[in-house]
DNA sequence: GGACAGTACATGCATGTGCATTCAATGCAA
DNA sequence: TTGCATTGAATGCACATGCATGTACTGTCC
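Protein chains in written order, with the numbering used here: chain X, 965 to 1108; chain H, 965 to 1108.
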């Protein structure tokens, strides 16, 4: 017959479902809103944001794909195609890396920066609405 | 030029990234492990679990699709196809609802219950590893 | 009863994703 | 130098997803 979860397991499952619900709500809303108004998916926005941040640190809005990869939760192939979409949309530029010619350097175009700046307020607004009040399961410790 | 996020927005973004990371780690691990060893995706397992829970409440392991839908974070079409996969795999049975012939009633087969019972320990274990102690566990190789 | 809006689920289609593979460039060793 | 394992990224392919639509059934209003 069915064995029951231990209290620890039950708490784990509860946290997992909470995480699933929050993720679904935010991700779904972000995809819809950003897609509708700016033609960007959630991950596209995320990549643009990393490029903007990379620019602040570096100098020329440039970032290696291999540096970007660990920060976005996508497979290597998915990231490659996402970048291809961004390039096709004129938001980033792919160029060969000088020091290692296997590598690709991403440059944010002016249009890319503008699109990001325009989309950011909506992104923050959606997050505030979906994550806003509650302090999520992500940071809680299972106790009961 | 770029306007900076307010402290509140920065906190929101930090929470969002944390949530993304946790979700990616757990979801990826669950999909891989459950898929590899039991031929189940994360959502497939989730649906089986709802059916098992539904059985505990009801009597005959039966649940309307329309009752199931709000508890899984999938579109209606995705859920329909997921159920078709489960049925094809012999884990659930679709039958017409007597009281409302538009509706579909799902019944967990014996094989479905067995598969669930077998998979559950691994499911809990993966959750414990990704949500529990290990913080930042990624689906990819941990960057050393 | 008949017309009609609404609900429950299935399906065609376009797209995004991951896995496996491929191609090119690098680093190392003999 | 040549040979070989490794790394960075692109691509073929299978598949899961969401949107829009289709189909079947229900309930209501006339």
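C-beta atoms are modelled at their ideal positions from N, C-alpha and C, and glycine is treated no differently.
Check: Rounded to a whole number of angstroms, what is the C-alpha to C-alpha distance between residue 1055 (chain X) and residue 982 (chain H)?; Outcome: 26 Å
Check: Please go through the same chain and pick out, in chain order, the residues whose beta-carbon is closer than 8 Å to the beta-carbon of residue 1073 (chain H), but skip the five residues on each side of it.; Outcome: 1054, 1055, 1056 and 1057
Check: Check this for me: beta carbons of residue 1032 (chain H) and residue 1014 (chain H), under 8 Å apart or not?; Outcome: yes
Check: Report yes if the C-beta distance between residue 1047 (chain H) and residue 1060 (chain H) is below 8 Å; otherwise report no.; Outcome: no
Check: Just verifying my parser: in three-state terms, what is the DSSP assignment at residue 1004 (chain X)?; Outcome: coil
Check: For residue 1016 (chain X), collect the residues of the same chain with a Cβ closer than 8 Å to its Cβ; drop the 5 residues on either side in sequence, then sort them by chain order.; Outcome: 1025, 1072, 1077 and 1080
Check: Among residues of its own chain, excluding the 5 on either side of residue 990 (chain H), which ones have a beta-carbon nearer than 8 Å to its beta-carbon?; Outcome: 1090, 1091, 1094 and 1095
Check: Rounding to the nearest angstrom, what Cα-Cα distance links residue 987 (chain X) and residue 1075 (chain H) in this structure?; Outcome: 31 Å
Check: Looking only at its own chain, which residues have a Cβ that is under 8 Å from the Cβ of residue 1028 (chain H), when we skip the five neighbours before and after it?; Outcome: 1061, 1067, 1068, 1069 and 1070
Check: Apply the 10 Å Cβ neighbour rule to residue 906 (chain X) and answer buried if 16 or more other Cβ atoms are within range, or exposed otherwise.; Outcome: Nothing in the structure corresponds to residue 906 (chain X), since chain X is present only between 965 and 1108.
Check: What's the call for residue 998 (chain X), buried or exposed, on a 16-neighbour Cβ count within 10 Å?; Outcome: buried
Check: In the DSSP assignment, find the beta strand (DSSP E) that holds residue 1070 (chain H) and state where it starts and stops.; Outcome: 1068-1072
Check: Return the first residue and the last residue of the alpha helix (DSSP H) that residue 1036 (chain H) is part of.; Outcome: Run containing residue 1036 (chain H): none; DSSP gives neither H nor E here.
Check: Cβ of residue 973 (chain H) less than 8 Å from any chain X Cβ?; Outcome: yes
Check: Per DSSP, which one or two residues make a beta bridge with residue 1026 (chain X)?; Outcome: X:1071
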